[in-house]
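Asker:
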Ligand SMILES: Cc1cc2nc3c(=O)[nH]c(=O)nc-3n(C[C@H](O)[C@H](O)[C@H](O)COP(=O)(O)OP(=O)(O)OC[C@H]3O[C@@H](n4cnc5c(N)ncnc54)[C@H](O)[C@@H]3O)c2cc1C
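In the numbering used here, the protein residues as written are 28 to 405.
(1) From the DSSP output, which residues share a beta bridge with residue 359?
(2) Nearest-angstrom Cα distance between residue 335 and residue 363?
(3) Taking 8 Å as the cut-off, decide whether the C-beta atoms of residue 100 and residue 125 are in contact.
(4) My parser needs the alpha helix (DSSP H) runs of 4 or more residues fully inside the region 323-395; what are they?
(5) Return helix, strand or coil for residue 28, following the three-state DSSP convention.
(6) Distance, Cα to Cα, residue 135 vs residue 273?
(7) Leaving out five residues before and five after residue 235 in sequence, what residues of the same chain have Cβ atoms less than 6 Å from its Cβ?
(8) My output table needs one value for residue 286: the three-state DSSP class, helix, strand or coil.
(9) Please find out if some non-hydrogen atom of ligand 1 comes closer than 7 Å to the beta-carbon of residue 407.
(10) Tell me which residue opens and which closes the beta strand (DSSP E) that residue 192 is part of.
(11) For a test of your reading of the model: does the CB of residue 291 fall under 7 Å from any non-hydrogen atom of ligand 1? Yes or no.
(12) Going by C-alpha to C-alpha distance, which of 293, 253, 298 and 337 sits closest to residue 358?
(13) Looking at the structure shown, is residue 80 part of a helix, part of a strand, or coil, going by DSSP?
(14) Less than 7 Å between the CB of residue 193 and some heavy atom of ligand 1, yes or no?
(15) Return yes when the C-beta of residue 242 is under 7 Å from any heavy atom of ligand 1, and no when it is not.
(16) Measuring CA to CA, which of 59, 143 and 218 is closest to residue 73?
(17) Between the region 191-203 and the region 284-301, do at least 3 Cβ pairs fall closer than 8 Å?
(18) Residue 158: beta carbon under 7 Å from a heavy atom of ligand 1?
(19) Considering only DSSP beta bridges, list what residue 252 is partnered with.
(20) If you reduce the DSSP assignment to three classes, tell me which class residue 152 lands in.
(21) Note down, in chain order, each residue of its chain lying with its Cβ closer than 7 Å to the Cβ of residue 379, except the 5 sequence neighbours on either side.
(22) Ends of the beta strand (DSSP E) at residue 232?
(23) Do you know offhand how far residue 54's Cα is from residue 42's?
(24) In this structure, how does DSSP classify residue 294 when only helix, strand and coil are distinguished?
(25) With a cut-off of 8 Å, do at least 3 Cβ pairs link the region 223-234 to the region 265-272?
(26) Does the separation of the CB atoms of residue 96 and residue 85 fall below 8 Å?
(27) Could you tell me if the beta carbon of residue 384 falls within a distance shorter than 7 Å of some heavy atom in ligand 1?
(28) Could you give the residue range of the alpha helix (DSSP H) that holds residue 133?
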């Protein structure tokens, strides 16, 4: 990999040293050294500023086409940057949903006006996005959403309730999957909208997670106006657009950052439980699974340039692989970890509960792997 040249003409080894130098100089000291002591406001301010720093430093939208303001590089650079950033203990900004979901969706299906209006502020961290798919009665069965977009002069009026909306408290915009034609057959009745969160009728209520953190919220829409210009694709095309977007959500870069966290957790266990011979076999098994995850990630990166189908198959395993592993590692930490690490394991154990649920649950993802990758009968 070291000798390869990136699409932008820069050698990977040069990209690595450029990224390392930039991260070393840019990760805020208060975050790196004292994150636990920061107030919510301080932490939010650092995370928002981090998105702007990434843009100014030339590391926003690494894989995103340069004609739309991205860096135009490949998955290798993106994965490497995620690994280096996690090792440098960089903050997680608020722009993740905008960059990984909204930007590819607009490039694929947006109008020229939507691209011009939304892409650059999204990459530069000026505008934060959140995702309005799940509802109290529709999660895995996404096609069962009931939020209604009623046709009115010049646009639509949206009414309904979305839930588990990550970043809703910080977001400037939300993309919403809503029913435009209640009489149309399932999958043909939905459309996708871009909604300004400050529009009258949008109400956000925090949801506190089991770990104590507040990462998401419930978002209500009470007769919220959205103009025709902010519908993505044609009316009735919402399902097709949502499906393309979900395959972006299950891609590889998140795995890179998670690998670093899991590796650090396993190393902590190996070190603190080095004299527990009774646990040695179980610890080795976690260690081996962590390295298998790294290999699988490397395989996905290598396959990216070669073959679409094999790449997609390899990538579809990643989320199930790392989320199962992280839950097993944190459970092991809670059961056997050293007394001085108790708070660390408690927090990570609860945080890890969510990872097999978001972006589609592991059961749903296993259904996809068994049917579409392994070709098993339904
Ligand atoms: C931390 C976090 C952040 C999230 N962020 C967002 C967000 O920003 N925007 C958003 O729209 N949503 C978000 N979600 C919601 C997430 O997408 C849903 O929770 C998820 O799709 C599951 O839906 P559900 O909670 O309604 O569970 P259900 O769909 O009710 O599932 C309940 C259980 O039944 C199983 N199940 C359901 N159907 C099947 C089936 N066909 N085969 C086998 N098993 C099945 C599921 O696997 C699960 O174990 C987030 C969730 C979490 C935990």
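Quick reminder that beta carbons are idealized off the backbone N, C-alpha and C, glycines included. Nothing here was measured: the structure is a model prediction, and the numbers come from that model.
Answerer: The structure says:
(1) DSSP output for residue 359 lists no bridge partner at all.
(2) 42 Å
(3) no
(4) Here the runs fully enclosed are 335-363, 369-380 and 389-395.
(5) Low confidence applies to residue 28: its pLDDT is 44, below 50, so where it sits in the model is not reliable, and the reading given next is rough at best. Secondary structure at residue 28: coil, using DSSP grouped into helix, strand and coil.
(6) 13 Å
(7) Closer than 6 Å at Cβ, skipping near neighbours: 241.
(8) helix
(9) The question about residue 407 has no answer, for the chain in this structure spans 28 to 405.
(10) 182-193
(11) no
(12) 293
(13) It is helical.
(14) yes
(15) Here the distance from the Cβ of residue 242 to the nearest heavy atom of ligand 1 is below 7 Å.
(16) For residue 73, the closest alpha carbon among the candidates 59, 143 and 218 is that of 59.
(17) no
(18) yes
(19) 184
(20) coil
(21) 353, 354 and 357
(22) 229-234
(23) 17 Å
(24) helix
(25) no
(26) no
(27) yes
(28) 130-136
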